[in-house]
Amino acid sequence: EDQVTQSPEALRLQEGESSSLNCSYTVSGLRGLFWYRQDPGKGPEFLFTLYSAGEEKEKERLKATLTKKESFLHITAPKPEDSATYLCAVQAKGGSEKLVFGKGTKLTVNP
Amino acid sequence: NAGVTQTPKFQVLKTGQSMTLQCAQDMNHEYMSWYRQDPGMGLRLIHYSVGAGITDQGEVPNGYNVSRSTTEDFPLRLLSAAPSQTSVYFCASSSPLMGGYGYTFGSGTRLTVV
Chain D
2 EDQVTQSPEA
12 LRLQEGESSS
22 LNCSYTVSGL
32 RGLFWYRQDP
42 GKGPEFLFTL
52 YSAGEEKEKE
62 RLKATLTKKE
72 SFLHITAPKP
82 EDSATYLCAV
92 QAKGGSEKLV
102 FGKGTKLTVN
112 P
Chain Z
238 NAGVTQTPKF
248 QVLKTGQSMT
258 LQCAQDMNHE
268 YMSWYRQDPG
278 MGLRLIHYSV
288 GAGITDQGEV
298 PNGYNVSRST
308 TEDFPLRLLS
318 AAPSQTSVYF
328 CASSSPLMGG
338 YGYTFGSGTR
348 LTVV
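Quick mapping for you: the protein sequence lines, in order, are chains D and Z. For the first sequence, the numbering used here begins at 2 and goes up steadily by one. For the second sequence, the numbering used here begins at 238 and goes up steadily by one.
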């Protein structure tokens, strides 16, 4: 069974304090790993898709990396507006459109 | 270009009532899905569609029906609402032709069943 575990569940940072969020996964052949940002009362907002181990993608202060067992979302010099819940999801090979989500990491960045 | 539009945003139902959650997208995406999000749990797939006339079950399909008569619309029907269906429901769409494709989500429908 495909599974996604995110850690930590919650993270508090001071503005400018860099850190990383972890997404560990087990999947029967990875088709893609997705990172989303979700603000309270809103739908998930797409950030990145990673397809193979060693791949990296960046967007502003965020950088996502992928290994065969986990993905990291690195946040460099975060700002209060980066506060949100970050969701990781995997999609398995085989044609199914199912995304399996982790429970998310709630990030709070204090000014 | 509105993206994915869900209606209503909020709904309260009595146990046993039926209703339809609406979802429409204007991006000509082939794939559409319904997820539910509950506290302490990840988003879980209810039903999905890979094109007009084609639907399939996800992880938690019981108590829900879907149909896809057009590319744009993918309504979710609750047949006989139960308190266990109290949740936030998200519709999403995607296309494999999108570069680095990821699903676009709607803003959600918050449903309470009393």
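The beta carbon of each residue, even a glycine, is placed where N, CA and C say it ideally should be.
Item checked: Own chain partners of Z:Q322 with C-beta closer than 7 Å, once the 5 adjacent residues on each side are dropped -> Looking up residue 322 of chain Z in the second sequence gives position 85. So the qualifying residues of the chain are G300, L315, L348 and V350.
Checklist line | Proximity winner among D:K80, D:E2, D:Q15 and D:C89, relative to D:F73 (alpha-carbon distances) | finding: Numbered from 1 along the first sequence, position 72 holds the residue referred to as residue 73 of chain D. Considering only alpha carbons, the answer is D:C89.
Check: Rounded to a whole number of angstroms, what is the C-alpha to C-alpha distance between D:L22 and D:P9?
Finding: Sequence index remark: in the first sequence, residue 22 of chain D carries index 21 (1-based). Sequence index remark: in the first sequence, residue 9 of chain D carries index 8 (1-based). Taking the straight line joining both Cα atoms gives about 7 Å.
Next item on the list: List the residues of chain D whose Cβ lies closer than 8 Å to the Cβ of Z:Y268, in chain order.
Entry: Here residue 268 of chain Z refers to the residue found at position 31 when the second sequence is read from its first residue. Correct list: E98.
Note to self: Considering just the uninterrupted stretch of the beta strand (DSSP E) at Z:D293, what are its terminal residues?
What the structure shows: Taking the second sequence and counting its residues from 1, one reaches residue 293 of chain Z at position 56. Where Z:D293 is concerned, the enclosing beta strand (DSSP E) stretches over I291 to Q294.
Checklist line | CB contact check: D:K107 to chain Z, cutoff 8 Å | finding: Taking the first sequence and counting its residues from 1, the one referred to as residue 107 of chain D is at position 106. Output row for D:K107: interface = no.
Next item on the list: Pull out every residue of the stretch 63 to 79 of chain D whose Cβ sits closer than 7 Å to any Cβ of chain Z, in chain order.
Entry: none
Check: Does D:V91 come within less than 8 Å of chain Z when only Cβ atoms are used?
Finding: Locating residue 91 of chain D in the first sequence gives position 90, counting from the first residue. No - not a single Cβ of chain Z is within 8 Å of the one on D:V91.
Check: Which runs of the beta strand (DSSP E) fall wholly inside the stretch 53 to 82 of chain D and span at least 3 residues, in chain order?
Finding: 57 to 60, 63 to 67 and 71 to 76
Next item on the list: From the DSSP output, in three-state form, read off Z:Q254 for me.
Entry: Translated into positions along the second sequence, residue 254 of chain Z becomes position 17. Residue state, collapsed to three classes: coil.
Next item on the list: Look at the Cβ atom of D:Y87, then the Cβ atom of D:R13, and state whether they are nearer than 8 Å.
Entry: One-based indexing of the first sequence puts residue 87 of chain D at position 86. One-based indexing of the first sequence puts residue 13 of chain D at position 12. No, these two residues do not count as a Cβ contact at 8 Å.
Next item on the list: Give the interface partners of Z:Y326 over in chain D, defined as CB-CB distance under 7 Å, in chain order.
Entry: Along the second sequence, read from residue 1 onward, the residue named residue 326 of chain Z stands at position 89. Correct list: empty, because the minimum Cβ distance to chain D is about 10 Å.
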